[in-house]
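Engineer: Handing you a structure now.
Residue numbers (the working numbering), protein chains in the order written: chain A, 692 to 1219; chain B, 13 to 515.
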């Protein structure tokens, strides 16, 4: 049952909803402003409202989580401590809200990651010039963020599905936002079509899982709540055709959302065609949310079917399936990125490859010891955080270059180091982190996830993944070569706007700091 | 007691690598219009790092032996990763070598006037990594520094290099990264396989019980992974290409120090931690190194580009180091460490002469186009000949003691291999003399060469420092051998113990 005390536990989501409506509403009131100057004002007001609002939501979520500061029990009672105490009463812990939305450490960490990413994206968007009604553009970003926040806490099939749709539909619209450009329109349509099909597959899997649980309930036992993950897990048999089918459909449906090979076909085109900040959003926050939902779905709905990702006859279960997908993903993603001559498309393939690495963290569930499984989740979260920071930084730099230089092919990047050295260096930090060069975060993330994968028994996969990081180095170095070694076409400096500069600096500093001192964040992640 | 005493509560080893990181940051904020200031800051801190590593070298107590100047801090305790530094008789000479080469290298970098700031920042970051590797005793930390040392190389060669620089840079980086991929696999295997869940090499070496089968699997991963960087056959092809393409200071650092980093990794990570694996694999590796030594030297014989000659001579000489490691006896290991030091100094001198003094003035390194330069720059000729004599193993120079020890040590284990490898001695003599003759003594082919600019004081100073060390070590090797012996003796004992125990 929903109780009044559950309201603070849903506070970030409620605030996001309010913010989205506020952005929409404030822009509607200015609808008559059609002159270019008025348009500019509208863009600015919507964009800054979104950014400021997200900063506040992030601050509330951070305070609620208690990771930075936990109010001691013995604190004196006064006005301020009361506010903090009330907020932190909605912090991690307790039963799921209404049995469907759990607020635990995992949700809390994921929320912070998602809202933080959305904030960085909104900073990148400060200079985007949306068509006609800017309010829509920014409000859609906030709606998608809300959807992702719901996704990571979902404990029940229906809520999970609704959250996925609440995330996806705004993203379809955003990907195709510049409908006058053929590329963007194509991206939107493609994303929509693939998304709709994958939703259908996912829904089919969910209904089979529900049906299997219904079969499993014997006689007059309690038949309520059979859409909840743990109830399905409790009532379904550990093997059998039906439940295996459900698992396969769910993995495939989520695989489409996460762009895992062989369900990736939509992603390079969508990433290339969508407005660059939106590409960053799709490739980071929505992937992170998807992975966390997949983690919950698989570990709670199919706990007995984990199987093992080893070579040979013992292989099987969903870790076995995921191991095959991870293999295909890292190999294909990295090889396909090699011949690309468009930086955005190259990063799109590299995102596919990175999804393959993340899957290694999920495999850890097959490890024998509880400790190793927990390490797998920590590695997964750390990877997602670093990957989100890095990819937002990289796409952010490309967004700026796209605006200022006029494109994101390699030739537009040529000689960037001599046209704007700080931008080139920030971009380089992100690229090297993606490549996994210490002391940047990307290195430790990869290393950690390799260790998790190794303990799950998927040694063979780790070896292949390590080899593939060398392949990936080639195309990342090509980017470096273009920026630093090749001569510039023209030497005019590339100006850097404040929003992008702020976002890039945050990501680069974050990647460096978390790479050198990962234990700062690991102690928080270990609570998940 | 060491020769001097340093206060114990100062983190000397951290200071050494920080003395390279700090100037990198300082130079990054110096405005572009003061290139000279950048050079002075860079060279000044390089001198500081040399003085620091020399002080640690002198303060090390060879009687007590073992690891000294240990610094330990928890870094990522959840995973058993710590910030652990320490030196013994093996890495201490390497620290000193790096100090000498970076200081002389920074003197040789004075004429870089294209994108000066970036050059110095990358160069100093590279050295930070090298210092770090030579002092790290935690495998993870070791690897982090190792990668830090490899990557700046790409940009240094790609931007400031010559002769197919982009190809050379990419080839070098990919080879080295492929090596580090093997190292990662080996590291994770050790971490879980030892059952200790730690990367602390001291603990792994003392308490780690790693089963023989696992050692057999992991040893080649670590040894070959680092061996790539040491130029081990058949993974050596990146090295001549990379050395030729690199700017002078980078060639000096690369051939002089970075290749040693690979050999050091083989010794420290692979052989020290996995003696059983070493017993099974080292004979195979010893056979492979014959190719390094003899084939490398023969290839050097037919090169026309002076830098390629030195590049292949490095392959040949580093092959001797790996061969000595593969023999694993006390004398051989002593020779290996000594050769790393001697070859580092000698190659740095070669590249300084060929890359800086000659190429930057004549803009060619082709032997048929050069000639008669001995008349124009007698100092350069003297330095090159000195390096050449050391390379041939002339008594009285550092190279003699190194090669002498290596051949004796290898003879103890693999007499046949020692005999075959000794073929390289006359070949080395031949290609060095050929280079000396056609660069310095042949008739002058291009009259413009008679009016080349004079050598600068930086070039004189740098080359003289290297020459003094080369002669000093040759005349009185005991100042280094005693030290090396303290570390090599237990290691050799450990290796032979395993061989006896399992016989």
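Glycine included, each C-beta is placed from N, C-alpha and C at the ideal position.
Only counting the same chain, and skipping five residues up and downstream in sequence, which positions put a Cβ closer than 6 Å to that of residue 1198(A)?
Structural biologist: Taking the first residue of the first chain as position 1, residue 1198(A) is located at position 507. Same-chain partners within the cutoff: 1080, 1083 and 1084.
Engineer: Taking the straight line between their C-alpha atoms, what separation do you get for residue 922(A) and residue 1134(A)?
Structural biologist: Position 231 of the first chain, counted from the start, is the residue given in the question as residue 922(A). Position 443 of the first chain, counted from the start, is the residue given in the question as residue 1134(A). Distance between the alpha carbons of residue 922(A) and residue 1134(A) is about 39 Å.
Engineer: Around the Cβ of residue 271(B), are there at least 16 other Cβ atoms within 10 angstroms (buried) or fewer (exposed)?
Structural biologist: Numbered from its first residue, the second chain carries residue 271(B) at position 259. Buried: at least 16 other Cβ atoms inside 10 Å.
Engineer: Would you call the stretch 1116 to 1129 of chain A in contact with the stretch 174 to 186 of chain B, where contact means no fewer than 3 C-beta pairs closer than 8 Å?
Structural biologist: Verdict: no, contact absent.
Engineer: Would you mind sorting residue 698(A) into buried or exposed? The rule is 16 or more other CB atoms within 10 Å of its CB.
Structural biologist: Mapped onto the first chain, residue 698(A) falls at position 7. It counts as exposed.
Engineer: Note the first and the last residue of the continuous beta strand (DSSP E) segment covering residue 81(B).
Structural biologist: In the second chain, the residue the question calls residue 81(B) occupies position 69. 80 to 88 is the span of the beta strand (DSSP E), which, as asked, contains residue 81(B).
Engineer: So what's residue 340(B) in DSSP terms, helix, strand or just coil?
Structural biologist: Walking along the second chain from the start, residue 340(B) turns up at place 328. Residue 340(B) falls in the coil class under three-state DSSP.
Engineer: State the Cα-Cα distance for the pair residue 273(B) and residue 140(B), rounded to the nearest angstrom.
Structural biologist: Counting from one through the second chain, the residue named residue 273(B) turns up at place 261. Counting from one through the second chain, the residue named residue 140(B) turns up at place 128. Rounded to whole angstroms, residue 273(B) to residue 140(B) spans 13 Å at the Cα level.
Engineer: Going by DSSP in three states, residue 919(A) sits in which element: helix, strand or coil?
Structural biologist: For the purposes of this step, residue 919(A) is taken as residue 228 along the first chain, with counting starting at 1. Residue 919(A): strand per DSSP, three-state reduction.
Engineer: Which bits of chain A does residue 380(B) rub up against, with CB to CB less than 9 Å?
Structural biologist: Here residue 380(B) refers to the residue found at position 368 of the second chain. Residues of chain A passing the Cβ test: none, with the nearest at roughly 30 Å.
Engineer: Could you give the DSSP three-state label for residue 950(A): helix, strand or coil?
Structural biologist: To locate residue 950(A), count along the first chain from 1; it is residue 259. Three-state DSSP puts residue 950(A) in coil, outside helix and strand.
Engineer: According to DSSP, simplified to helix, strand and coil, what is residue 98(B)?
Structural biologist: Here residue 98(B) corresponds to residue number 86 of the second chain, with the count starting at 1. Strand, per DSSP.
Engineer: Quick check: what's the CA-CA separation for residue 58(B) versus residue 125(B)?
Structural biologist: Working through the second chain from its first residue, we reach residue 58(B) at position 46. Working through the second chain from its first residue, we reach residue 125(B) at position 113. Spanning the two alpha carbons is a distance of roughly 19 Å.
Engineer: Quick check on residue 311(B) - is its C-beta less than 8 Å from some C-beta in chain A?
Structural biologist: On the second chain, position 299 is the one that residue 311(B) refers to. Cβ-Cβ to chain A under 8 Å: no for residue 311(B).
Engineer: According to DSSP, simplified to helix, strand and coil, what is residue 960(A)?
Structural biologist: Residue mapping note: residue 960(A) aligns to position 269 of the first chain, counting from 1. Looking at residue 960(A) - three-state DSSP - the assignment turns out to be helix.
Engineer: Taking the beta carbon of residue 953(A) as the centre, do at least 16 other beta carbons fall within 10 Å, making it buried, or is it exposed?
Structural biologist: By 1-based counting over the first chain, the position of residue 953(A) is 262. Exposed, because fewer than 16 other Cβ atoms sit within 10 Å of the Cβ of residue 953(A).
Engineer: Name, going along the chain, the residues of the stretch 1166 to 1195 of chain A whose beta-carbon falls closer than 8 Å to a beta-carbon of chain B.
Structural biologist: Hits within the stretch, in order: 1168, 1171, 1172, 1175 and 1176.
Engineer: One question on the structure: do residue 841(A) and residue 831(A) come within less than 8 Å of each other, judged by their Cβ atoms?
Structural biologist: Counted from its first residue, the first chain places residue 841(A) at position 150. Counted from its first residue, the first chain places residue 831(A) at position 140. No.
Engineer: Please go through the same chain and pick out, in chain order, the residues whose beta-carbon is closer than 7 Å to the beta-carbon of residue 111(B), but skip the five residues on each side of it.
Structural biologist: If you number the second chain from 1, residue 111(B) lands on position 99. These residues qualify, in order along the chain: 61, 62, 65 and 66.
Engineer: Nearest to residue 1008(A) by CA position, among 1019(A), 787(A), 994(A) and 944(A), is which residue?
Structural biologist: Residue mapping note: residue 1008(A) aligns to position 317 of the first chain, counting from 1. Residue 1008(A) has its Cα closest to that of 994(A), out of 1019(A), 787(A), 994(A) and 944(A).
Engineer: Please list the segments of the beta strand (DSSP E) lying wholly inside the stretch 1023 to 1079 of chain A, counting only runs of 3 or more residues, in order along the chain.
Structural biologist: List check, beta strand (DSSP E) in window: nothing returned.
Engineer: Do residue 847(A) and residue 798(A) have their CB atoms nearer than 8 Å?
Structural biologist: One-based indexing of the first chain puts residue 847(A) at position 156. One-based indexing of the first chain puts residue 798(A) at position 107. It is not a contact, given that the beta carbons lie outside the stated cut-off.
Engineer: State the DSSP-derived secondary structure class of residue 693(A), mapped to helix, strand or coil.
Structural biologist: Taking the first chain and counting its residues from 1, the one referred to as residue 693(A) is at position 2. Reduced to three states, the DSSP call for residue 693(A) is coil.
Engineer: Please name the residue in 750(A), 1086(A), 749(A) and 949(A) whose C-alpha comes closest to that of residue 968(A).
Structural biologist: Position 277 of the first chain, counting from 1, holds the residue named residue 968(A). Residue 968(A) has its Cα closest to that of 1086(A), out of 750(A), 1086(A), 749(A) and 949(A).
Engineer: Which residues in chain B have a C-beta closer than 9 Å to the C-beta of residue 1212(A)? List them in chain order.
Structural biologist: As a working mapping, residue 1212(A) is identified with position 521 in the first chain. Within chain B, no residue comes near residue 1212(A); the closest Cβ sits about 11 Å away, beyond 9 Å.
Engineer: Between the stretch 203 to 224 of chain B and chain A, which residues of the former have CB atoms less than 8 Å from a CB of the latter, in chain order?
Structural biologist: Residues 203 and 204.
Engineer: Taking the alpha helix (DSSP H) that residue 415(B) belongs to, which residues open and close that run?
Structural biologist: As a first step, residue 415(B) must be located in the second chain, where it is residue number 403. Segment 410 to 425, the alpha helix (DSSP H) holding residue 415(B).
Engineer: Report the three-state DSSP secondary structure of residue 1180(A) (helix, strand or coil).
Structural biologist: As a first step, residue 1180(A) is located in the first chain; it is residue number 489 there, counting from the start. Of the three classes helix, strand and coil, the one that applies to residue 1180(A) here is coil, per DSSP.
Engineer: So for residue 320(B), helix, strand or coil by DSSP?
Structural biologist: Counting from 1 along the second chain, the entry for residue 320(B) is found at position 308. Three-state DSSP puts residue 320(B) in a helix.
Engineer: In chain order, what residues of the same chain have a beta carbon less than 6 Å from the beta carbon of residue 1076(A), not counting five sequence neighbours either side?
Structural biologist: Along the first chain, one-based indexing puts residue 1076(A) at 385. These residues qualify, in order along the chain: 804.
Engineer: From residue 50(B) to residue 266(B), what does the alpha carbon distance come to, in whole angstroms?
Structural biologist: Here the question's residue 50(B) lines up with position 38 in the second chain. Here the question's residue 266(B) lines up with position 254 in the second chain. Cα to Cα, residue 50(B) sits roughly 22 Å from residue 266(B).
Engineer: Verify the CB distance criterion: does residue 430(B) have a CB-CB separation below 8 Å to chain A?
Structural biologist: Translated into positions along the second chain, residue 430(B) becomes position 418. No, residue 430(B) does not count as interfacial toward chain A.
Engineer: May I ask you to list, following chain order, the residues of the stretch 485 to 507 of chain B that have a beta carbon less than 8 Å from some beta carbon of chain A?
Structural biologist: Within the stretch 485 to 507 of chain B, no residue has a Cβ that lies closer than 8 Å to any Cβ of chain A.
Engineer: Give the C-beta separation of residue 1039(A) and residue 962(A) to the nearest angstrom, bearing in mind that I take them to be a contact with Cβ-Cβ under 8 Å.
Structural biologist: Numbered from its first residue, the first chain carries residue 1039(A) at position 348. Numbered from its first residue, the first chain carries residue 962(A) at position 271. Correct: roughly 4 Å between the Cβ atoms.
Engineer: Would the beta-carbon of residue 903(A) fall within 8 Å of that of residue 939(A)?
Structural biologist: Within the first chain, numbered from 1, the residue matching residue 903(A) stands at position 212. Within the first chain, numbered from 1, the residue matching residue 939(A) stands at position 248. In this structure, residue 939(A) does not lie closer than 8 Å to residue 903(A) by Cβ.
Engineer: Should residue 1217(A) be flagged as near chain B, meaning a C-beta pair shorter than 8 Å?
Structural biologist: Here residue 1217(A) corresponds to residue number 526 of the first chain, with the count starting at 1. Closer than 8 Å to some Cβ of chain B, the Cβ of residue 1217(A) qualifies, so yes.
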